[in-house]
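K.L.:
Taken in sequence, the protein lines are chains C and B.
The opening position of the first sequence corresponds to residue 664 in our numbering, with each subsequent residue numbered one higher.
The opening position of the second sequence corresponds to residue 2 in our numbering, with each subsequent residue numbered one higher.
Here it is, the structure, as structure tokens.
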Amino acid sequence: MVTITINGLEVSVEEGMTILEAARFFGFPIPTLCHHEGLSPYGACRLCVVEIGEEPRTKVVSSCTYPAENGLKVRTASERVLRARRMIIELLLASCPQSKIIQDLASAHGVSHQRFRQEYEDCIMCGLCVRMCSEQMVAKAIGFRGRGTNRSIGTPFDVQSDVCRLCGACMYICPACQLRCTFNEPEKAVCNACANFQPPCIEQDRFHDMMCYMDPCVACELAKTP
Amino acid sequence: MCRLNSIENFTALQERLIAESHPDTPTIVIPAGTCGQASGALNLVLTAQHEILSRGLQNRIRLRVTGCHGFCEMEPSVLVEPKGTFYPKVDPAGMRRIIDALLRNDVVQDLLMADGSSGRNYENLGDLPFFRYQNRLLLSQNEKIDPLEITDYVKLGGYAAFVRLLEHNAPGEIIDELKQSGLRGRGGAGFSTGMKWDFLAREKNGKGKYLVCNADEGDPGAYMDRSILEGNPHSIIEGMLIGALATGADKGILYVRTEYPLAIKHLGTALTQARKFGLLGTNILNTGISFDISLIKGAGAFVCGEETALMRSIEGRMGEPRQRPPFPVQKGISSLPTLINNVETWANIPVIFRIGAREYASTGTGDTGTKIFSLVGKIKHTGLVEVPMGTPVRELIYTIGGGPSGKVGIKAVQTGGPSGGCIPAELFDIPISYEGLSRVGSIMGSGGMIVMDENTCMIDVARYFMKFLMDESCGACYVCRKGTQRMFELLDDIAAGKGSLEHLDLLEELSLTLKDASMCGLGQTAPNPVLSTLRYFRNEYLEHIEHKRCPAGVCKELISFSINELCTGCMACVKACPEGAITGEKKQRHSIDQDLCTRCGACRSVCRFDAVDVQ
Ligand SMILES: Cc1cc2nc3c(=O)[nH]c(=O)nc-3n(C[C@H](O)[C@H](O)[C@H](O)COP(=O)(O)O)c2cc1C
Ligand code: SF4
Ligand code: SF4
Ligand code: SF4
Ligand code: SF4
Ligand code: SF4
Ligand code: FES
């Protein structure tokens, strides 16, 4: 067992656990996109970042790949973490606004607009499909190709794969295409339905996105009752 | 040459080689590294060989073909020993005259390099300002060594340090001495090499450990590692052998970029020769100690220089960085403890143990030892420059580099490659040390140094590096892949006159996120060129944004060319213009049709009368 401190709470967790697993086990919410229980961590979306270490030498790392080490101090929703998370969501909205999952993330984190040149990409390169195919379906039909902006997912040489079992698992797990946002106004990154959803939590400023881990949070429920 | 069976055999061989070396024999030295070969050094070698053979001079003149000496701009050059006469830019006819003169024990005055101010000629390599103010602890060895001959290296005292340490075999003492030397990694981050070795030595698993030489040098315009690999491959092998003794590693890997075929060839030969001598492989010099090195060609991506990506690439997987911890020393190649050092770091090791840590540490202020920089850009003398740590930037640029190459002054220097920053001319008095550079927002990096003058646009520079990083990002993490793309778009907008103040805010916000949330060093340092130009040259950004003007006259969308009254009507520009945009009568002032002009700048560069203005 190793002892770590999460948001001021000292806890003991099993050795080999990641920060994300430890935090979730004790009920601290951390948003993720490229993480899936049962698949190996990959660290692609960077949404799960947390701040570790002690002032003034703290560091921001992805909690899904970082091991829980003895004595580690972790903060899951510090100013620095939230700033990075919001920017990541803004980048996601700017490239893949049609994903319901991304729209939901935006509204949960109060990101109501994006300031970049709008793109409509089908894939955020989270690698869930690749890992699903190789680790759970043991097919290894698809993989990453290229690097940087030329990176893409597909079969080798784009030839229809003869090892693919057409199981559909890759599509099922994809955050970019599994649930399409109905997307009323295509020219706007944030669709109306989600953009207006701002939980009226009285404690919001103090706890930032922490407040919602009761899901549904009492404040939100209260606000709904007429 | 047969295998050496004992330490005594090696020592005897070394003594014999030194006794037979006759350093006074007239010798023609021709640097023929990749840079030398590109400028025609091999032609000189052929000429010299032909002259020597056809005139039967084998016993009077020796010829040595070596790696790069550093003054790449003056190549193909010739150095004549024992006096050390330096001839720049020699052609085959000049080569013959040099040989004739050498036979008379004379020098060819008109082939020497002229001193612009006094009108005198520089005779010796050591007199040239370019060389005089350097401290060429590593690079000076290149002149003495034919990289294809292990005996040349042994003659210089090579492998003696390793053999001495092998005899005593006290790993703890080696690491203590290395720590005393103060050596820090030359590959980027500047981590203490002694500490790194200590970590590896403490890892005990009984299944083996790896030492890796990172020769994936990928910074644009940087080639100091190449010059060592090509010119002195045995220094790296000896460094790694000492590392193996100190840490108990049994396997070594040289990871060399594919784009360095000459380095790969020289390293391959050096490894074979060292094995033949019994200095490498199983049971080295019959001491029972074994260590072998294999050569692996890089996968050709910049990010493969990052240590975790490098290890994956060695394992035959896609070169993508991964989370640290576990650090390579804990879990490296094939899960075995692995230590990775840069080429220049390894090359320093034999020197430290040859001259002693104390002596080594006496060089340099702030940090110890020397650092090689590749000086390129708008500077008079480009080439490889080795100076003690702590040398002021000004000395490097003005005293050694000779100041600006063009008519306008130097504005800034960019250090540390794409992850580094720009240092403005006002700060040129800062010392070149790890802390000195990071205080002003740059880094030592691996030693690239790009000099920029008033005709360089800082937004253009930032955009160039961002484009490089956008293309080289492995793309695994979202913030780095998209962040570099978005930053490039923003810079591109600003350069095109479409920028707003909000662009600057966004650039700064994105910078913070990239620094914080990227997985590896590439993404974490990607904003540096933008942040440092924003810090020192904010005005230039504002000029582009608020007045739609590029003060340096670079950004095509924001400039226009016109012809002033100095025009003599020589018509040179008319021929040069690819668009047919220039009209005018012979001997009359010409004019440019702005609608046709694509602002390529060709007219400005051909005009000999300064008659083309850029605004
Ligand atoms: C994107 C990236 C590229 C790198 N490229 C190189 C390289 O080409 N050569 C090198 O020696 N180190 C490179 N490094 C640094 C290595 O990761 C590593 O720190 C270094 O090889 C350690 O050696 P040292 O301690 O001797 O400096 C790079 C790092 C990053 C993040
Ligand atoms: S459908 Fe094919 S590619 Fe997709 S997970 Fe299944 S086997 Fe893999
Ligand atoms: S296709 Fe979907 S699951 Fe696969 S990498 Fe892209 S976004 Fe992720
Ligand atoms: S920071 Fe960039 S280069 Fe490094 S792992 Fe992430 S995407 Fe790849
Ligand atoms: S090259 Fe210069 S001097 Fe000659 S015609 Fe053109 S602008 Fe005039
Ligand atoms: S800048 Fe280029 S296109 Fe324009 S006038 Fe000069 S040569 Fe012609
Ligand atoms: S969930 Fe950790 S990086 Fe995506």
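Here a beta-carbon is modelled for each residue, glycine too, at the ideal position from N, C-alpha and C.
Enumerated in chain order, which unbroken segments of the alpha helix (DSSP H) with a length of 4 residues or greater are wholly contained in the region 285–373 of chain B?
P.N.:
308–315, 344–356, 358–362
K.L.:
Looking at chain B, is there any beta carbon in it that lies within less than 8 Å of the beta carbon of Ala731 (chain C)?
P.N.:
no
K.L.:
Any residues in the region 801–823 of chain C with a beta carbon nearer than 9 Å to a beta carbon of chain B? Which ones, in chain order?
P.N.:
Gly806, Phe807, Gly809, Arg810, Gly811, Thr812, Asn813, Arg814
K.L.:
If we count the other Cβ atoms within 10 Å of its Cβ and call it buried at 16 or more, is Gly239 (chain B) buried or exposed?
P.N.:
The residue you asked about is not Gly; residue 239 (chain B) is Glu in the sequence shown. So Glu239 (chain B) ends up on the buried side.
K.L.:
Using 8 Å as the cut-off, can you tell me whether the region 531–543 of chain B makes contact with the region 447–461 of chain B, which would need three or more C-beta pairs spanning the two stretches below that distance?
P.N.:
yes
K.L.:
Among B:Gly437, B:Met467, B:Pro77, which residue has its Cα nearest to the Cα of Ser420 (chain B)?
P.N.:
B:Met467
K.L.:
Look up Lys252 (chain B) in the DSSP assignment and give the residues it is bridged to.
P.N.:
B:Tyr211, B:Asp293
K.L.:
Which ranges does the alpha helix (DSSP H) cover as unbroken runs of at least 4 residues, wholly within the region 774–837 of chain C, from first to last along the chain?
P.N.:
791–794, 832–836
K.L.:
Taking 8 Å as the CB-CB cut-off, is Arg687 (chain C) touching chain B?
P.N.:
no
K.L.:
Output yes or no for whether 8 Å exceeds the beta carbon distance between Arg395 (chain B) and Phe429 (chain B).
P.N.:
When the beta-carbon positions are compared, Arg395 (chain B) and Phe429 (chain B) come within less than 8 Å of each other.
K.L.:
Just mark Cys3 (chain B) as buried or exposed, buried being the case when its beta carbon has 16 or more other beta carbons within 10 Å.
P.N.:
exposed
K.L.:
Just the C-alpha distance for Tyr876 (chain C) and Leu672 (chain C), rounded to the nearest angstrom, thanks.
P.N.:
The predicted position of Tyr876 (chain C) is uncertain, since its pLDDT is 45 and thus under 50; a value taken from the coordinates is nonetheless stated next. Near 16 Å, if we compare the C-alpha coordinates of Leu672 (chain C) and Tyr876 (chain C).
K.L.:
Give me the Cα-Cα distance between Asn733 (chain C) and Leu340 (chain B), rounded to the nearest whole angstrom.
P.N.:
Looking at the two C-alpha atoms, the distance is approximately 24 Å.
K.L.:
Can you check which of these residues, B:Ala463, B:Thr152, B:Gly407, is closest to Glu541 (chain B) by C-alpha distance?
P.N.:
Scanning B:Ala463, B:Thr152, B:Gly407 for the CA closest to the CA of Glu541 (chain B) turns up B:Ala463.
K.L.:
If you draw a straight line from the C-alpha of Ala707 (chain C) to the C-alpha of Met788 (chain C), how long is it?
P.N.:
7 Å
K.L.:
For the beta strand (DSSP E) holding Tyr88 (chain B), just list the boundary residues, first then last.
P.N.:
86–88
K.L.:
Could you check if Val801 (chain C) is buried or exposed, using at least 16 other CB atoms within 10 Å of its CB as the buried criterion?
P.N.:
It is exposed - the Cβ of Val801 (chain C) has fewer than 16 other Cβ atoms within 10 Å.
K.L.:
To the nearest angstrom, how far is it from the Cα of Leu511 (chain B) to the Cα of His548 (chain B)?
P.N.:
24 Å
K.L.:
Let me see if you follow: with CB-CB separation under 8 Å, is Gln49 (chain B) close to chain C or not?
P.N.:
First, the amino acid is wrong: residue 49 (chain B) is Ala here, not Gln. No, Ala49 (chain B) lies away from the interface with chain C (no Cβ there is under 8 Å from its Cβ).
K.L.:
Which two residues bound the contiguous beta strand (DSSP E) that contains Thr26 (chain B)?
P.N.:
Run containing Thr26 (chain B): none; DSSP gives neither H nor E here.
K.L.:
The alpha helix (DSSP H) with Arg276 (chain B) in it runs from where to where?
P.N.:
262–278
K.L.:
In whole angstroms, what separates the C-alpha of His591 (chain B) from that of Val615 (chain B)?
P.N.:
15 Å
K.L.:
Ser675 (chain C) by DSSP, collapsed to three states: which one?
P.N.:
strand
K.L.:
Can you give me, in chain order, the residues of the region 307–332 of chain B that have a beta carbon less than 9 Å from any beta carbon in chain C?
P.N.:
For the region 307–332 of chain B, which is checked against every Cβ of chain C, the residues closer than 9 Å are Met319, Gly320, Glu321, Arg323, Gln324, Pro326, Pro327.
K.L.:
If you measure from each CB to the nearest heavy atom of ligand 7 and keep those under 6 Å, what residues do you get, in chain order?
P.N.:
Ordered along the chain, residues surrounding ligand 7 are C:Thr695, C:Leu696, C:Cys697, C:His698, C:Gly706, C:Ala707, C:Cys708, C:Arg709, C:Leu710, C:Cys711, C:Ser725, C:Cys727 [Cβ under 6 Å from any heavy atom].
K.L.:
Could you run through the region 467–487 of chain B and flag, in chain order, every residue whose CB is less than 8 Å away from some CB of chain C?
P.N.:
Met471, Asp472, Glu473, Ser474, Cys475, Gly476, Ala477, Cys478, Tyr479, Val480, Arg482, Lys483, Gly484, Thr485, Gln486, Arg487
K.L.:
Is it the case that the region 34–49 of chain B contacts the region 81–88 of chain B, given that we only count it when at least three CB pairs across the two stretches are under 8 Å?
P.N.:
No, they do not touch.
K.L.:
Using CA coordinates, which residue listed in B:Asp506, B:Asp116, B:Cys478 is at the minimum distance from Leu696 (chain C)?
P.N.:
B:Cys478
K.L.:
Within the structure, which residues are defined as neighbours of ligand 4 by a Cβ-heavy atom distance below 5 Å, reported in chain order?
P.N.:
B:Val304, B:Pro322, B:Ser474, B:Cys475, B:Ala477, B:Cys478, B:Cys481, B:Ser519, B:Met520, B:Cys521, B:Leu523, B:Gly524
K.L.:
Pull up the CB-CB distance for Cys604 (chain B) and Ile583 (chain B), whole angstroms please, since I reckon it's below 8 Å.
P.N.:
6 Å
K.L.:
Determine the extent of the alpha helix (DSSP H) in which Gln50 (chain B) is found, giving its start and end residues.
P.N.:
42–55
K.L.:
Tell me which residues share the same chain as Ile431 (chain B) and place their Cβ nearer than 8 Å to its Cβ, disregarding the 5 neighbours each side in the sequence.
P.N.:
Excluding sequence neighbours, Ile431 (chain B) sits near Pro393, Val394, Ile424, Gly437, Leu438, Arg440, Val441.
K.L.:
Counting contacts by CB-CB distance shorter than 8 Å, is Gly671 (chain C) in contact with chain B?
P.N.:
no
K.L.:
So, for Ala839 (chain C): in the same chain, excluding its five sequence neighbours on each side, which residues have a beta-carbon less than 7 Å away from its beta-carbon?
P.N.:
Cys759, Ser762, Asp785, Cys786, Ile787
K.L.:
Quickly, what does DSSP pair Ala757 (chain C) with across the bridge? List them, please.
P.N.:
In the DSSP assignment, Ala757 (chain C) forms no beta bridge with any residue.
K.L.:
I want to verify the contact list: residues of chain B whose CB lies under 8 Å from the CB of Ser775 (chain C), in sequence order.
P.N.:
Result: empty, since nearest Cβ-Cβ is about 16 Å, beyond 8 Å.
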